[in-house]
Amino acid sequence: MKLKIGHLYPELLNLYGDRGNILSLQKRMQWRGIEAEVAEYTLSDKIDFSALDIVFVGGGSDREQLLVCKRLGEIKSEISDYVGDNGVVVAICGGYQLLGHYYKIKDELIEGLSIIDAFTEGGNGRLIGNVVAQTDFLDRPVVGFENHGGRTHIGDHKPLGSVLFGSGNNGADGGEGILHKNVIGTYLHGPLFPKNPHLCDYVIQKALERRGFDTDLAPLDDKIELAANAYIVSRFAPSPNNCECSA
Ligand code: GLN
């Protein structure tokens with residue numbers, strides 16, 4: 373069994389340890405005997421999406437997003453076909469914003485891929501801090517750290533989770549991230565997967581299923597990772613009734 377991870381533009385989009393997500397994916401596959409190949413792409417590289425199982429896009433500054441968006445515009449149809457074919461995508465913060473139609477900042481419009489029916493607009497001040505979100509498909513919350521000026525509106529899409537603590541997509545509607553087909557977009561850095569091994573395994577499972585591997589992932593010793601996750605949950609959102617979301 374082998375999966376190939378494509379890391380898009382790490383020289384530009386790699387904030388707050390986003391690269392740690394790749395390491396986490398790779399290790400959790402290898403520990404189960406699944407071969408994990410990682411390909412890093414620069415803006416000038418040609419990407420064969422048909423060979424990829426997981427596409428990862430990290431976060432970046434507005435300036436870096438502007439540089440990347442031009443290139444994404446050229447490969448828009450290839451990425452859309454990959455998503456249409458249930459390709460797995462994990463996009464963090466700036467990368468997440470680029471999945472939608474646009475990210476509007478003061479005097480500039482950063483065009484997105486329009487893979488999801490969402491848009492982002494710059495707001496007053498940045499949304500910064502720890503986040504705890506509850507999904508409806510994982511048995512424990514997802515935790516992370518957000519720092520974004522953009523506010524994302526996902527319309528009728530399903531959010532990745534509901535905010536128990538923090539701001540999430542826009543600090544107003546209580547949603548965090550997006551889950552669309554096998555596409556996960558989220559504002560959570562940290563990096564995301566080392567703090568949320570259950571979400572990492574969900575992603576690996578989806579990629580395996582798409583290739584026709586009908587395997588249950590063997591459990592790993594996640595004591596330390598889950599203790600870290602539980603600590604953040606207990607510190608910021610001790611119980612669902614104690615919601616301190618900014619919505
Ligand atoms: N530049 C974007 C914003 O500020 C994304 C930031 C990020 O990826 N952390 O909203």
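Heads up, this note's numbering is the position in the sequence shown plus 372, with the first residue counted as 1.
Using N, Cα and C, we set each Cβ at its ideal position, and we do this for glycine too.
Q. In three-state terms, what does DSSP make of Asn386?
A. It is coil, neither helix nor strand.
(Q) Just to confirm before moving on: does the CB-CB distance between Leu397 and Ile419 stay below 9 Å? (A) No, the pair does not count as a contact, with Cβ atoms beyond the cut-off.
Q. By a C-beta neighbour count over all protein chains shown, 10 Å radius and 16 as the cutoff for buried, is Ala602 buried or exposed?
A. Result: exposed.
Q) Which runs of the beta strand (DSSP E), 3 residues or longer, sit entirely within the stretch 543–577? A) You should have 550–552 and 555–558.
(Q) Taking the beta carbon of Asn614 as the centre, do at least 16 other beta carbons fall within 10 Å, making it buried, or is it exposed? (A) Residue placement at Asn614 is poorly supported in this model, since its pLDDT is 46, which falls under 50; the coordinates are not used for a value here.
**Q.** Leu439, enclosing alpha helix (DSSP H) - first and last residue
**A.** First-last of the alpha helix (DSSP H) with Leu439: Asp434 to Glu446.
Q. Terminal residues of the continuous alpha helix (DSSP H) containing Gly467?
A. Bounds of the alpha helix (DSSP H) holding Gly467 are Gly466 to Gln469.
Q) Helix or strand or just coil, what does DSSP make of Gly584? A) Gly584 sits in coil when the DSSP states are folded into three classes, being neither helix nor strand.
**Q.** Phe401 versus Asp390, Val605, Ala590 and Ala600, residue with shortest Cα-Cα distance
**A.** Note that residue 401 corresponds to Met in the displayed sequence, not to Phe. Distance from the Cα of Met401 is smallest, within the candidate group Asp390, Val605, Ala590 and Ala600, for Ala590.
Q: Could you work out which residue in Ile377, Lys442 and Asp390 is closest to Tyr413 when comparing CA atoms only?
A: Measuring from the Cα of Tyr413, the nearest candidate turns out to be Ile377.
(Q) Give me the DSSP bridge partner(s) of Asn502. (A) Paired residues: Phe517.
(Q) By the DSSP assignment, the beta strand (DSSP E) with Ser534 in it spans what residues? (A) Its beta strand (DSSP E) spans residues Gly533 to Gly538.
Q) Under three-state DSSP, which class holds Ile451? A) Of the three classes helix, strand and coil, the one that applies to Ile451 here is helix, per DSSP.
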